[in-house]
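Novice:
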Amino acid sequence: YPHMTKMKDSLWGDEEKEGGTKSPFPPEEPPAHQMRKFAIITGALLLVAGAVAYYYFFLRVPRPNVAIEFSTNKDQILMGEPFTLTVSYSNYSDKILTNAKLSVMLPDGMAFQGSSVDARTSAASVGDLGPGSLQQKIFDLIATNGSQSLKTVNATVTYSIGSGSNAQFETQKTLDLAIG
Numbered sequence: 111y112p113h114m115t116k117m118k119d120s121l122w123g124d125e126e127k128e129g130g131t132k133s134p135f136p137p138e139e140p141p142a143h144q145m146r147k148f149a150i151i152t153g154a155l156l157l158v159a160g161a162v163a164y165y166y167f168f169l170r171v172p173r174p175n176v177a178i179e180f181s182t183n184k185d186q187i188l189m190g191e192p193f194t195l196t197v198s199y200s201n202y203s204d205k206i207l208t209n210a211k212l213s214v215m216l217p218d219g220m221a222f223q224g225s226s227v228d229a230r231t232s233a234a235s236v237g238d239l240g241p242g243s244l245q246q247k248i249f250d251l252i253a254t255n256g257s258q259s260l261k262t263v264n265a266t267v268t269y270s271i272g273s274g275s276n277a278q279f280e281t282q283k284t285l286d287l288a289i290g
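For the sequence shown, position 125 matches number 235 in the numbering used here, and the numbering has no gaps at all.
(1) Output the boundary residues of the alpha helix (DSSP H) element that contains Y164.
(2) Per DSSP, which one or two residues make a beta bridge with E191?
(3) Spatial neighbours of G256 within its chain, please: C-beta separation below 6 Å, excluding the five flanking residues on both sides.
(4) Give the range of the beta strand (DSSP E) segment to which F180 is assigned.
(5) How would you label Y269, buried or exposed, when you count the other beta carbons within 10 angstroms and need 16 or more for buried?
(6) Determine the contact status of Q282 and D250, defining contact as a CB-CB distance below 7 Å.
(7) Would you decide whether L287 is buried or exposed? Buried here means 16 or more other CB atoms lie within 10 Å of its CB.
(8) By alpha-carbon positions, which one of I151, L285, F180, N276 ends up nearest to L244?
(9) Out of G160, A159, P217, state which residue places its alpha-carbon closest to the alpha-carbon of T291.
(10) Have a look at M189, N175, H143 and flag the residue whose alpha-carbon is nearest the alpha-carbon of I206.
(11) Please go through the same chain and pick out, in chain order, the residues whose beta-carbon is closer than 8 Å to the beta-carbon of T254, but skip the five residues on each side of it.
Pasting the structure below:
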């Protein structure tokens with residue numbers, strides 16, 4: 111058979127297999143070439159992993175630890191009886207938080223005393239929060255409907271880190287109030 115003779119000018123060279131036929135597979139690389147490939151690939155992967163670790167630990171903007179806590183002046187909140195909600199917010203980081211703003215959002219059936227019954231949000235600029243600082247704001251509220259229900263109040267502190275930063279961060283916390 112003429113196709114079983116020695117093949118010349120093939121893609122893999124002129125090596126012959128026994129019987130005068132050519133192997134359809136490329137010749138195996140010597141172990142030194144395999145080790146060199148392995149070393150190059152491993153080095154590249156370690157370089158990429160190192161770059162990711164460097165970014166994660168040194169270049170990314172860390173998010174400060176800001177906490178929000180709630181307290182009320184009454185153990186039991188009754189519909190139609192005013193009560194006080196105190197929102198405390200703390201900066202537990204070592205960074206100055208600038209342009210901080212506190213927003214409190216009420217659900218239907220609750221209102222800020224002295225405001226329209228339809229007013230659901232109160233927002234106030236609180237300025238800069240130094241490292242380790244604790245501040246609080248007091249809200250006078252009243253439950254206007256929904257006796258024997260659970261109402262969820264949401265507080266949000268929005269801030270930047272340091273002066274000149276355009277990045278905005280926010281921390282949220284909710285409080286469930288049982289209305290009697």
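Note that CB positions come from ideal geometry on N, CA and C, so glycine has one too.
Bear in mind the structure is a predicted one, so any value in this text is a computation, not a measurement.
Specialist: In terms of the structure at hand:
(1) Per DSSP, Y164 belongs to the alpha helix (DSSP H) from 141-164.
(2) Looking at the DSSP assignment, E191 forms no beta bridge with any residue, so it has no partner.
(3) G219, I289
(4) 176-182
(5) buried
(6) no
(7) Buried: at least 16 other Cβ atoms inside 10 Å.
(8) F180
(9) This structure cannot settle anything about residue 291, because the visible part of the chain is limited to 111 through 290.
(10) N175
(11) M189, G190, G219, M220, A221, V227
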